[in-house]
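Below you'll find the structure, written out as structure tokens, and then a few comments.
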Amino acid sequence: MTSDLETDVVASAHAGFKALELWGAKIDKYLADHSLDDLKALLTEEGVAPMSINSIEFITFRGNEYPQIRARCRELCQIAQAIGCPTVVVVPSPTPSRETTWEEIVDEHVKVLRDMGDIAAEYGVKLSFELLGFGWCSVRTPRGAWEIVQKTGRDNVGLVVDCAHLYGGGGLFNEIDGLDPAHVFTFHLDDLEDLPKEAITDAKRILPGLGVIPLADICRRLQKLGYNGDCSVELFRPEYWEWDPKELAVQVRESAIRVLSPYFEVQ
């Protein structure tokens, strides 16, 4: 998270990755003194395709702030279209209060995702809705997120399956089995330290295969489901930020291949 966008792209290419999930804030910083053509040329020259843009956070229950969310959606979708990126990740908000019902949460997310999905459709872009496993989040399980996506009823609105959030959110792994693979747009591969789920934070993520998440079970279920899309390794561990980005990227790819290769044809 401390490296810039150019470093991310170069390190990804060095490690042999075919695609990269671009961090939205890094795009903003890059475009402060570069053009979209520059960004597209950088990705092309390094042979790294843009997988998705991550992310628009806390899209619901925003009240008077929602116009800013809509504007950010349009901005990132315009960028995605310009660089040939298919997907923008969007993230649910904290639950407003203890009194907020599930029905209210569903209604709010359906309303917002329909609106943002229509904006994204203008640019030929998909929205990938990512449940968060933290106790404060309003949408924490695959079953809940899938209910919302189904009721949204937009072909370009689908799901992120993130291993850390799936493990931490209290949902059952067999909830993956009920998803529609055509609406699983993004797979985040990561692992976690051995901690009580209440103690899980993003900083506790570790390289795939080194932690307690039953990644084989998740991969097996996605394989059986028929998922054959992109996979991004998403780590927020400050310890890793001190490593050389190229060396880290190599280790990340090697770890991911060891986990994925029994179940998927990894490119």
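Everything in the sequence shown is counted per this note's numbering, starting at 458 for the first residue and increasing by one.
All residues carry an ideal CB built from backbone N, CA and C; glycine is no exception.
Can you look up residue i in the DSSP assignment and give me helix, strand or coil?
| i | result |
| --- | --- |
| Gly574 | helix |
| Leu717 | helix |
| Asp647 | coil |
| Gly541 | coil |
| Glu655 | helix |
| Pro551 | strand |
| Val723 | coil |
| Val596 | coil |
Report the option in the options whose CA atom is closest to the CA atom of residue i.
| i | options | result |
| --- | --- | --- |
| Cys676 | Gly574, Leu493 and Ile633 | Ile633 |
| Glu650 | Gly625, Thr643 and Pro638 | Gly625 |
| Gly581 | Ile536, Asp564 and Ala621 | Ile536 |
| Asp494 | Gln538, Leu589, Lys583 and Gly473 | Gln538 |
| Pro507 | Met573, Glu604, Ala476 and Gln708 | Ala476 |
| Asp687 | Ala639, Ala660 and Trp698 | Ala639 |
| Val547 | Glu560, Ala602, Glu463 and Leu499 | Ala602 |
| Ala673 | Glu711, Ala660, Ala656 and Ser718 | Ser718 |
| Pro653 | Leu664, Ile670 and Asp637 | Ile670 |
| Pro549 | Tyr684, Val617, Trp698 and Glu722 | Val617 |
| Thr609 | Phe591, Glu587 and Gly574 | Gly574 |
| Trp559 | Ser492, Arg600, Val723 and Glu522 | Arg600 |
| Asp637 | Val596, Leu589 and Gln607 | Gln607 |
| Leu679 | Gly504, Arg531, Phe721 and Arg662 | Phe721 |
| Val505 | Arg694, Arg715, Glu696 and Ser689 | Ser689 |
| Ser595 | Arg529, Ala621, Lys483 and Arg555 | Arg555 |
| Leu588 | Ile605, Glu579 and Tyr523 | Ile605 |
| Asp619 | Tyr523, Glu532 and Pro665 | Pro665 |
| Val569 | Cys530, Phe591 and Gly590 | Cys530 |
| His622 | Glu502, Gly635 and Glu691 | Glu691 |
| Glu655 | Glu696, Arg611 and Gly590 | Gly590 |
Along the chain, where does the alpha helix (DSSP H) that runs through residue i open and close?
| i | result |
| --- | --- |
| Ser469 | Leu462 to Ala472 |
| Glu478 | Run containing Glu478: none in the alpha helix (DSSP H); it sits in the beta strand (DSSP E), Ala476 to Trp480. |
| Lys608 | Pro599 to Thr609 |
What first and last residue would you give for the beta strand (DSSP E) that runs through residue i?
| i | result |
| --- | --- |
| Gly628 | Where Gly628 is concerned, there is no enclosing beta strand (DSSP E), given that its DSSP letter is neither H nor E. |
| Leu667 | Careful: Leu667 lies outside any beta strand (DSSP E) and carries neither H nor E. |
| Val617 | Val614 to Asp619 |
| Phe586 | Lys583 to Glu587 |
Beta-carbon separation of residue i and residue j under 8 Å?
| i | j | result |
| --- | --- | --- |
| Leu667 | Asp647 | no |
| Lys583 | Phe642 | yes |
| Arg519 | Ile513 | no |
| Gly627 | Thr598 | yes |
| Trp593 | Thr557 | no |
| Val707 | Ala470 | no |
| Cys542 | Ala577 | no |
| Met458 | Trp700 | no |
| Ile540 | Leu488 | no |
| Val563 | Ser509 | no |
| Leu500 | Val466 | yes |
| Ile663 | Arg694 | yes |
| Phe630 | Tyr684 | no |
| Val567 | Phe586 | no |
| Gly481 | Asn521 | no |
| Pro702 | Thr517 | no |
- Task: For the stretch 669 to 700, list the beta strand (DSSP E) runs that are entirely contained and at least 3 residues long, ordered along the chain.
- Result: 688 to 690
- Message: Give the list of continuous alpha helix (DSSP H) stretches no shorter than 4 residues that lie fully inside the stretch 488 to 526.
- Response: 493 to 503
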